[in-house]
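Asks: Just so you know, we're using this note's numbering here: the sequence shown kicks off at 521 and counts up by one.
Here's a structure for you.
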Amino acid sequence: MRNDRTASARQSIVLAVAAVALVALAAVVYLRTRPAPIPSVDEGRPVVEQFLTSIRTGKGGEAWDTTTAEFKSLEGRESFVRSTRKQPLLKEELAFYSAQEVTVQDQPRREYIYQSPKSGTQARVLLGAEGGVWKVDRLTL
Numbered sequence: 521m522r523n524d525r526t527a528s529a530r531q532s533i534v535l536a537v538a539a540v541a542l543v544a545l546a547a548v549v550y551l552r553t554r555p556a557p558i559p560s561v562d563e564g565r566p567v568v569e570q571f572l573t574s575i576r577t578g579k580g581g582e583a584w585d586t587t588t589a590e591f592k593s594l595e596g597r598e599s600f601v602r603s604t605r606k607q608p609l610l611k612e613e614l615a616f617y618s619a620q621e622v623t624v625q626d627q628p629r630r631e632y633i634y635q636s637p638k639s640g641t642q643a644r645v646l647l648g649a650e651g652g653v654w655k656v657d658r659l660t661l
């Protein structure tokens, strides 16, 4: 009977050590594969430029498709398309002006600023990660 208890105790210890090792391995994999909290300036610019180009060329629906779920919940597709068509600034080819790190709800984000060469008016585009992909999270004119 004592041998049964000893074997059972050893088996429990082995299972506990295996569980701890599995959790540690999962943590290492997560930390190595998670996306950066904010994109580099060069990494995010193509995302923003494609978004702005889609709007400028009359493809506001395609631009809306590249936004985060939060963006979409704040403004529906049809409303977004209508409102962007009414913005003269978004009909211009905007030039990259700068990028900066900002904090939104205690999370670091990258904000890209594009400017009209004609008027100097600026459009600010905030990116966020969703599903491992950088997407537009906010457009401020």
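Each residue gets a CB set at the ideal place from its N, CA and C atoms; glycine is no exception.
Only a predicted model underlies this, so the values are computations on that prediction, with no experimental measurement involved.
1) Have a look at 535, 589, 566 and flag the residue whose alpha-carbon is nearest the alpha-carbon of residue 657.
2) Are residue 638 and residue 648 close, meaning C-beta to C-beta below 9 Å?
3) With residue 643 and residue 561 assumed to form a contact (beta carbons below 8 Å), what rounded beta-carbon distance in angstroms separates them?
4) Near residue 558, which residues of its chain fall below 7 Å by C-beta distance, leaving aside the five closest residues on each side in sequence?
5) By the three-class DSSP mapping on this structure, what secondary structure does residue 652 have?
6) Under 6 Å Cβ to Cβ from residue 615, same chain only, skipping five residues before and after it: list those, please.
7) Quick check on residue 545: buried or exposed, where buried means 16 or more other Cβ atoms within 10 Å of its Cβ?
8) From 583, 524, 626, 594, pick the residue whose C-alpha is nearest to that of residue 610; which is it?
9) State the CB to CB distance for the pair residue 565 and residue 632, rounded to an integer number of angstroms; the pair is presumed to be in contact (CB under 8 Å).
10) Looking at the structure shown, is residue 558 part of a helix, part of a strand, or coil, going by DSSP?
11) Considering only the beta carbon of each residue, do residue 535 and residue 645 sit closer than 9 Å?
12) Confirm, please, whether the CB-CB distance from residue 605 to residue 580 is below 9 Å.
13) At which residue ranges does the stretch 576-640 contain complete beta strand (DSSP E) runs of 3 or more residues, listed in the order of the chain?
Replies: The answer reads as follows:
1) Here residue 657 refers to the residue found at position 137 of the sequence shown. Comparing Cα-Cα distances from residue 657 to each of 535, 589, 566, the minimum goes to 589.
2) Counted from its first residue, the sequence shown places residue 638 at position 118. Counted from its first residue, the sequence shown places residue 648 at position 128. For residue 638 and residue 648, no; Cβs fall outside 9 Å.
3) Within the sequence shown, residue 643 is the residue found at index 123, counting from 1. Within the sequence shown, residue 561 is the residue found at index 41, counting from 1. With a Cβ gap of about 16 Å, residue 643 and residue 561 do not count as contacting.
4) Position 38 of the sequence shown, counting from 1, holds the residue named residue 558. Correct list, in chain order: 621, 628, 629, 630.
5) In the sequence shown, counting from the first residue as 1, residue 652 sits at position 132. Three-state DSSP puts residue 652 in coil, outside helix and strand.
6) As a working mapping, residue 615 is identified with position 95 in the sequence shown. These residues qualify, in order along the chain: 635, 637.
7) Position 25 of the sequence shown, counted from the start, is the residue given in the question as residue 545. The residue is exposed, with fewer than 16 neighbouring Cβ atoms inside 10 Å.
8) Position 90 of the sequence shown, counted from the start, is the residue given in the question as residue 610. Among 583, 524, 626, 594, the Cα nearest to that of residue 610 is on 583.
9) Here the question's residue 565 lines up with position 45 in the sequence shown. Here the question's residue 632 lines up with position 112 in the sequence shown. Between residue 632 and residue 565 the Cβ distance is about 7 Å, and since that is below 8 Å, they are a contact.
10) Residue 558 sits at position 38 when you count from the first residue of the sequence shown. Correct three-state label for residue 558: coil.
11) Taking the first residue of the sequence shown as position 1, residue 535 is located at position 15. Taking the first residue of the sequence shown as position 1, residue 645 is located at position 125. No. Outside cutoff.
12) Here residue 580 refers to the residue found at position 60 of the sequence shown. Here residue 605 refers to the residue found at position 85 of the sequence shown. The answer is yes: Cβ separation under 9 Å.
13) 615-624, 627-635
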